[in-house]
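Going down the list, the sequences are from chains A and B. Using the numbering used here, the final residue of the first sequence is 121, and nothing's skipped along the way. Using the numbering used here, the final residue of the second sequence is 119, and nothing's skipped along the way. The beta-carbon is built from N, C-alpha and C at its ideal position, and this holds for glycine as well.
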Amino acid sequence: DVKVTQSSRYLVKRTGEKVFLECVQDMDHENMFWYRQDPGLGLRLIYFSYDVKMKEKGDIPEGYSVSREKKERFSLILESASTNQTSMYLCASSYPPGQGDSQPQHFGDGTRLSIL
Amino acid sequence: AQKITQTQPGMFVQEKEAVTLDCTYDTSDPSYGLFWYKQPSSGEMIFLIYQGSYDQQNATEGRYSLNFQKARKSANLVISASQLGDSAMYFCAMRLTGTASKLTFGTGTRLQVTL
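This is the structure we're talking about:
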């Protein structure tokens, strides 16, 4: 089974802190994604990566950056946390499109981040 | 740009009954895939079912089936014989074929199964 592991289920940080959310997958997937989930808004894509050291902005990248130094690990960074970044953060991974369009994204359990 | 619309914020269904969760989508691209995910209160996203835009038959996976009406751009999820464990948020999502696997999600429907 595919396993996507997020480093924390719950995290509380203070305004202005630099926050790191870590995600590791064990299926050798090329693609990795970071979403945030807010009530009534569904999941929105922050950033994604289709290879080591490669990244692309999603729909809401402002205030975030990412790092992918190894294939299995994708980090989301909040450069200076603000209260409006309090949310549920979900990491996902998948094969690239050429390996089967029916292949779903596999998700981690999520990190509930509170910025005080 | 793609858009997914789920118009039912919340639904109730009695145990053992069938329920349909609505999903409509908007894209001008002819090649795409549609996914449904379940999210229990614990938070993990569980993949349920997939339908490709060129698939001739509606997808089925156990108690889940997808009522795909391409001309109406709808991809409704049907859950038969509902169980208490089906209580969760359900998300419809779309991916354009050949893109970098990006998914566009709807806002979700919260399903509550009652005795």
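Can you tell which of the options has the C-alpha that lies nearest to the C-alpha of residue i?
i, options, result
"A/E74", "A/S87, A/E35, A/D43 and A/K62", "A/E35"
"A/S92", "A/S107, A/S72, A/L118 and A/R49", "A/L118"
"A/V29", "A/Q90, A/Y52, A/S80 and A/F53", "A/S80"
"A/P44", "B/G110, B/T64 and B/I50", "B/G110"
"A/L48", "A/Q90, A/Y94 and A/Y55", "A/Y94"
"B/Q55", "B/R114, B/A22, B/L100 and B/K7", "B/L100"
"B/T108", "B/G47, B/R114, B/G37 and B/S84", "B/G37"
"B/V117", "B/M15, B/A5 and B/S69", "B/M15"
"B/S86", "B/A5, B/K7, B/P13 and B/E19", "B/E19"
To the nearest angstrom, how far is it from the Cα of residue i to the Cα of residue j?
i, j, result
"A/S12", "B/G112", "26 angstroms"
"B/P34", "B/N71", "18 angstroms"
"B/K74", "B/T9", "15 angstroms"
"B/S91", "A/S87", "33 angstroms"
"A/M32", "A/R78", "11 angstroms"
"A/V71", "A/A97", "14 angstroms"
"B/Y29", "B/A97", "9 angstroms"
"B/Q61", "A/L121", "50 angstroms"
"A/S85", "A/E67", "11 angstroms"
"A/I65", "A/V24", "17 angstroms"
"A/G21", "B/A63", "47 angstroms"
"B/K106", "A/Y15", "26 angstroms"
"B/M93", "A/M59", "32 angstroms"
"A/I4", "B/Q43", "Residue 4 of chain A is absent from the model: chain A starts at 6 and stops at 121."
"A/G113", "A/Q42", "13 angstroms"
"A/Y52", "B/D26", "28 angstroms"
"B/F95", "B/K77", "16 angstroms"
"B/T11", "B/G66", "25 angstroms"
"B/W40", "B/F51", "6 angstroms"
"A/V18", "A/T10", "Just to set this straight, residue 18 of chain A is Lys in the shown sequence, not Val. In a straight line, the C-alpha of A/K18 is about 20 angstroms away from that of A/T10."
"B/Y58", "B/S32", "14 angstroms"
"B/E22", "B/L115", "Here residue 22 of chain B is Ala; the residue named in the question, Glu, does not match the sequence. So the two alpha carbons sit approximately 12 angstroms from each other."
"B/M49", "B/V17", "21 angstroms"
"A/Y40", "B/S84", "30 angstroms"
Quick one: grab the DSSP three-state call for residue i.
i, result
"A/T88", "helix"
"A/M93", "strand"
"A/R117", "strand"
"A/E22", "coil"
"B/G110", "coil"
"B/G47", "coil"
"A/K8", "coil"
"A/Y15", "strand"
"A/Q110", "coil"
"A/Y100", "coil"
What are the residues of the stretch 55-71 of chain B that lie near chain A, defined by any Cβ-Cβ distance shorter than 7 angstroms? Result list: G56.
Taking the runs of the beta strand (DSSP E) that are 3 residues or longer, which of them lie wholly in the stretch 53-105 of chain B? Taking only runs of at least 3 residues, the beta strand (DSSP E) segments lying wholly in the stretch 53-105 of chain B are 68-73, 78-83 and 92-100.
Extract the residue ranges of the beta strand (DSSP E) inside the stretch 5-35 of chain B, only unbroken runs of 3 or more that lie entirely within it. Along the stretch 5-35 of chain B, the beta strand (DSSP E) occurs as fully enclosed runs of 3 or more residues at 7-9, 14-18, 23-25 and 28-30, listed in sequence order.
If contact means a Cβ-Cβ distance below 7 angstroms, which residues of the stretch 69-100 of chain B contact chain A? Residues F95.
Starting from the N-terminal side, write out each stretch of the alpha helix (DSSP H) that is 4 residues or longer and does not extend beyond the stretch 32-95 of chain A. For the stretch 32-95 of chain A, not a single whole alpha helix (DSSP H) run of length 4 or above is found.
Compile a chain-ordered list of the residues in the stretch 21-42 of chain B whose CB is closer than 7 angstroms to at least one CB of chain A. Close to chain A, meaning a Cβ-Cβ distance shorter than 7 angstroms, are the following residues of the stretch 21-42 of chain B: G37 and F39.
May I ask you to list, following chain order, the residues of the stretch 37-59 of chain A that have a beta carbon less than 7 angstroms from some beta carbon of chain B? Cβ contacts with chain B come from G45, L46, G47, L48, L50, F53 and Y55.
Identify each residue in the stretch 95-116 of chain A for which the Cβ-Cβ distance to at least one residue of chain B is less than 7 angstroms, and report them in chain order. Sequence-ordered contacts of the stretch 95-116 of chain A with chain B read L95, S99, P101, P102, D106, S107, P109, Q110, F112, D114 and G115 [C-beta pairs closer than 7 angstroms].
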